[in-house]
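Residue numbers (this note's numbering), protein chains in the order written: chain A, 1 to 114; chain B, 1001 to 1109. Glycine included, every Cβ here is placed at the ideal spot set by N, Cα and C. Bear in mind the structure is a predicted one, so any value in this text is a computation, not a measurement. Each remark here refers to the structure printed beneath this line.
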């Protein structure tokens, strides 16, 4: 199974600022995903981070708001730009692994925007 | 679009009870179904993965079943313990992984 770490684990930010979240996987993986979990809600896929090309965003999410980098096969970053209180969520990095595409998640980054 | 529904939304049981969590999905064209546990403010821990060709999977006190044709899965927890208190999420993999809203479980001593 993949071991995934995220930094920071939590942060409190002022509206209008940006925060970059880092995701590190302990092995090389083809696909990395970023999810958002708003308070009291389930997980929503933001985008697929592709190594060597632009991320693929889901409906309702745009690159200007959530720029993503994927410089290599073990690392990705998600930036939450020009934050507003509505961006307060847990952001999770994820990758599939094993013979049956089991999905593994990082511990999450808990973001509060004031 | 795949819709995943989990019932009940919340459940409170005394320690020692056996319980069943339900998950239903609208599109039966899935690759697999996965059950996760999430503790408050934390990430997700994978509990069980059922391939589309399988009917059930077991791990310790947990048993998950899958009826793909009817779009249903159940997670059975035997002899519940206070440490089982968490939110349980069902996720269905088609093109992407689609999550239900979860069942919040409280097991009281």
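Hey, out of B:1065, B:1053, B:1093, whose CA is closest to residue 1021 (chain B)'s CA?
That would be B:1065, whose Cα lies nearest to the Cα of residue 1021 (chain B).
Using a Cβ-Cβ cut-off of less than 9 angstroms, give me the residues of the stretch 97-110 of chain A that come near chain B, in sequence order.
Residues of the stretch 97-110 of chain A that bring their beta carbon within less than 9 angstroms of a beta carbon in chain B comprise 98, 100, 101, 102, 103, 104, 105, 106, 107, 108, 110, in sequence order.
Have a look at B:1098, B:1015, B:1049, B:1057 and flag the residue whose alpha-carbon is nearest the alpha-carbon of residue 1025 (chain B).
Of the residues B:1098, B:1015, B:1049, B:1057, the one whose Cα lies closest to the Cα of residue 1025 (chain B) is B:1098.
If you pair each beta-carbon of the stretch 27-47 of chain A with each one of the stretch 1058-1076 of chain B, do three or more pairs fall below 8 angstroms?
Touching, no, given that fewer than three Cβ pairs across the two stretches are closer than 8 angstroms.
Burial state of residue 87 (chain A), where buried means 16 or more other Cβ atoms lie within 10 Å
Within 10 angstroms of the beta-carbon of residue 87 (chain A) lie 16 or more other beta-carbons, which makes it buried.
Closer than 7 angstroms by beta-carbon distance: list the chain B residues that pair up with residue 42 (chain A), in chain order.
Simply 1089, 1099, 1100, 1101, 1102.
Contacting residues, own chain, Cβ-Cβ under 7 angstroms from residue 1027 (chain B) (five flanking each side not counted):
Cβ neighbours of residue 1027 (chain B) beyond the five flanking positions: 1002, 1094.
With distances taken Cα to Cα, identify the nearest neighbour of residue 1068 (chain B) among B:1108, B:1030, B:1004, B:1109.
For residue 1068 (chain B), the nearest C-alpha among the options comes from B:1030.
Span of the beta strand (DSSP E) holding residue 61 (chain A)?
It is not in any beta strand (DSSP E) - residue 61 (chain A) carries neither H nor E in the DSSP assignment.
Neighbourhood of residue 48 (chain A) by C-beta distance below 6 angstroms, restricted to the same chain and skipping five residues each side:
Correct list, in chain order: 33, 56.
Any C-beta of chain A under 9 angstroms from that of residue 1032 (chain B):
Residue 1032 (chain B) counts as touching chain A.
Coil, strand or helix - residue 1056 (chain B) by DSSP
Three-state result, residue 1056 (chain B): strand.
For residue 1026 (chain B), decide whether its Cβ has a neighbour in chain A, counting only Cβ atoms nearer than 9 angstroms.
Against chain A, the CB of residue 1026 (chain B) has no partner CB under 9 angstroms away; the residue lies outside that interface.
Would the stretch 1070-1079 of chain B count as touching the stretch 82-100 of chain A if we require 3 or more Cβ pairs under 8 angstroms?
Taking a contact to require three or more Cβ pairs closer than 8 angstroms, the stretch 1070-1079 of chain B and the stretch 82-100 of chain A do not qualify as touching.
Compare the C-beta of residue 1059 (chain B) against all C-beta atoms of chain A and say whether one is closer than 9 angstroms.
Not closer than 9 angstroms to any Cβ of chain A, the Cβ of residue 1059 (chain B) fails to qualify, so no.
Cβ of residue 83 (chain A) within 9 angstroms of Cβ of residue 111 (chain A)?
In this structure, residue 83 (chain A) sits near residue 111 (chain A), with a CB-CB distance shorter than 9 angstroms.
Let me know the secondary structure DSSP gives residue 87 (chain A) once reduced to three states.
The answer is helix: DSSP assigns residue 87 (chain A) an H, G or I state.
Bridge partner(s) assigned by DSSP for residue 96 (chain A):
The bridge partners DSSP lists for residue 96 (chain A) are A:103.
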